[in-house]
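To start, the structure under review is shown below, and the notes come after it.
Protein chains: 2
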Amino acid sequence: MAERSLSKPNDEPCYCGLTRRASRSLTEIYERELAPYGITQPQFSLLRAASNSAPMGITELALQLNLDRTTLGRNLKLLEAQGLVVFVANQHDQRERLVTLTRSGAKVSKEALAAWQAAQALIRRNIGRQKLVALEQLVAEIDALVS
Amino acid sequence: MAERSLSKPNDEPCYCGLTRRASRSLTEIYERELAPYGITQPQFSLLRAASNSAPMGITELALQLNLDRTTLGRNLKLLEAQGLVVFVANQHDQRERLVTLTRSGAKVSKEALAAWQAAQALIRRNIGRQKLVALEQLVAEIDALVS
DNA sequence: CCATGATGCGGGTATCTACACGTAAATGCC
DNA sequence: GGCATTTACGTGTAGATACCCGCATCATGG
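Heads up: the sequence lines are chains A and B, in that order.
Count the first sequence with our numbering and you get residues 406 to 552, in order.
Count the second sequence with our numbering and you get residues 406 to 552, in order.
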């Protein structure tokens with residue numbers, strides 16, 4: 406009964422390594438499409454998140470994206486340098502800076518949407534909706550483990 | 406029939422964003438366990454890969470891990486600085502440097518294995534084997550799209 | 001009103017990742 | 001054998017990510 410563990414000690418796949426690997430592959434696919442718009446996949450995700458809700462503080466947005474606050478801050482700074490987002494002061498709290506899309510940011514986000522949809526369609530076509538729904542649920546369960 | 410797309414234009418989840426998010430969460434979980442051994446999850450993956458096969462060149466190992474060659478080179482350099490791996494010249498090809506675990510590298514890899522297994526068990530316990538097998542297959546299909 | 005703690009944020013540092021470019025060695029073709 | 005091509009690798013640059021530490025502002029108890 407110990408034979409199995411003796412002959413194949415560590416062939417169990419690392420779930421973390423698998424997922425990191427998948428994220429690298431998917432990022433490559435998505436960024437091939439997004440390249441013409443001069444933004445990366447994480448940047449597109451940020452623009453999308455910012456455009457789909459009322460202006461939010463960095464900490465709040467980071468919580469929603471399950472991203473480190475300082476990471477998000479630095480990523481947003483790059484978008485600010487490109488003129489795609491601006492930080493608006495919160496009148497009721499001097500500490501908070503509300504992330505807001507500029508007109509240019511909204512434009513890029515809107516245009517790049519087609520590229521993103523192309524990548525989404527490619528994945529759906531090759532993987533299938535059913536597995537992708539399962540992926541969505543799986544990620545939710547994984548996220549729940551760290552919250 | 407256009408109503409659905411009008412009322413919910415873009416609520417489709419980004420498969421790339423989902424996967425990147427999952428990789429962040431999982432990395433956090435694994436690195437909590439690995440921290441006492443002074444290595445990160447990617448570093449542990451590298452040690453594991455290097456110890457599970459004959460010495461390999463950087464390009465070959467990068468191909469196997471689906472990692473950019475230069476990325477792998479830099480990651481290995483950090484392990485070299487920690488004395489966990491060394492580069493051995495290939496007698497038949499002066500260009501190639503064969504990645505080899507040091508005694509210390511093998512020791513750390515072996516000791517950290519328990520930490521990794523704890524993380525693996527945590528995930529298995531909370532997610533379930535069936536979904537993890539599905540994940541494994543899904544990642545293989547995604548990888549196939551970029552090869 | 002003021003001291004204390006909580007909150008929002010930035011900077012320093014470090015690792016992971018990839019692309020563009022350049023160099024040296026091996027290979028192959030004539 | 002000699003030269004073009006391919007192969008293996010490094011460096012420069014840049015973005016994504018997270019931890020630690022410090023600062024300014026807000027909220028609260030006395």
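C-beta: ideal position from N, C-alpha, C; glycine also.
Here the structure is a predicted model, which means the values were calculated and not measured.
At which residues does the alpha helix (DSSP H) containing B/D548 begin and terminate? 534 to 551 is the span of the alpha helix (DSSP H), which, as asked, contains B/D548.
Distance cutoff 8 angstroms, beta carbons only. Does A/T424 sit that close to anything in chain B? It does: the Cβ of A/T424 has a partner Cβ on chain B nearer than 8 angstroms.
Between the CA atoms of A/L540 and A/P441 - distance to the nearest angstrom: Roughly 28 angstroms between the two C-alpha positions.
Using a Cβ-Cβ cutoff of 8 angstroms, what residues of the region 469 to 480 of chain A are near chain B? List them in chain order. So the close ones are L470, N471, L472.
Where does the unbroken beta strand (DSSP E) through A/N495 begin, and where does it stop? Start and end: 490 to 495.
Would you give the residue range spanned by the beta strand (DSSP E) that A/L506 belongs to? Element bounds for A/L506: 498 to 506.
Quick check: the region 427 to 434 of chain A against the region 414 to 424 of chain B, are there 3 or more CB pairs under 8 angstroms? Three or more beta-carbon pairs separated by less than 8 angstroms link the region 427 to 434 of chain A to the region 414 to 424 of chain B, which places the two stretches in contact.
Chain-ordered neighbours of A/K536 on chain B, where CB pairs are closer than 9 angstroms: Going along chain B in sequence order, the residues near A/K536 (Cβ under 9 angstroms) are A539, Q542, L543, E546.
I want to see whether chain A comes within less than 8 angstroms of B/I463, judged by CB atoms only; does it? It does not: the Cβ of B/I463 has no partner Cβ on chain A nearer than 8 angstroms.
When the distance is taken between beta carbons, is B/L452 closer than 8 angstroms to B/I538? The sequence shown places Val at residue 538 of chain B, rather than the Ile named in the question. Contact check for B/V538 against B/L452 fails: the beta carbons are separated by 8 angstroms or more.
In three-state DSSP terms, what is A/G443? When DSSP states are grouped into helix, strand and coil, A/G443 belongs to the coil group.
Rounded separation between A/A467 and A/D473 - CA only: A straight line joining the alpha-carbon of A/A467 with that of A/D473 spans about 6 angstroms.
Quick check on A/G422: does DSSP put it in helix, strand or coil? Helix at A/G422.
Where A/G462 falls: helix, strand or coil (DSSP): DSSP places A/G462 in strand when its eight states are reduced to three.
What residues from chain A crowd round B/T418, counting only those whose CB sits closer than 7 angstroms? This sequence places Pro at residue 418 of chain B; Thr is not what is there. By Cβ distance, chain A contributes E541.
At the 8 angstroms Cβ level, is A/L431 part of the contact set with chain B, yes or no? Yes - at least one Cβ of chain B is within 8 angstroms of the one on A/L431.
Compare the beta carbon distance of A/A455 and A/L506 with 8 angstroms and say whether it is the shorter of the two. Closer than 8 angstroms, so yes.
What does B/S509 touch in chain A if you count any residue whose Cβ is under 7 angstroms from its own? Per Cβ cutoff of 7 angstroms: no residues; B/S509 is ~19 angstroms from chain A at best.
Cα-Cα separation between B/N471 and B/K482, rounded to whole angstroms: If I take the Cα positions, the gap works out to 18 angstroms.
Quick one: is A/N457 buried, meaning 16 or more other Cβ sit within 10 Å of its Cβ, or exposed? Around the beta carbon of A/N457, fewer than 16 other beta carbons sit within 10 angstroms, so the residue counts as exposed.
List the residues of chain B that A/S458 touches, going by C-beta distances under 7 angstroms, in chain order. Within 7 angstroms Cβ-Cβ: nothing; A/S458 doesn't reach chain B, min ~12 angstroms.
Would you say A/S428 lies against chain B (beta-carbon separation less than 8 angstroms)? Output row for A/S428: interface = yes.
Determine the burial state of B/S450: buried for a count of at least 16 other Cβ atoms within 10 Å of its Cβ, exposed for fewer. With 16 or more Cβ atoms within 10 Å of its Cβ, B/S450 is classed as buried.
For A/A520 versus A/E438, is the C-beta distance shorter than 8 angstroms? A contact, by the Cβ cut-off of 8 angstroms.
Can you check which of these residues, B/G443, B/V544, B/G462, B/L550, is closest to B/R502 by C-alpha distance? For the residues B/G443, B/V544, B/G462, B/L550, the minimum Cα distance to B/R502 belongs to B/G462.
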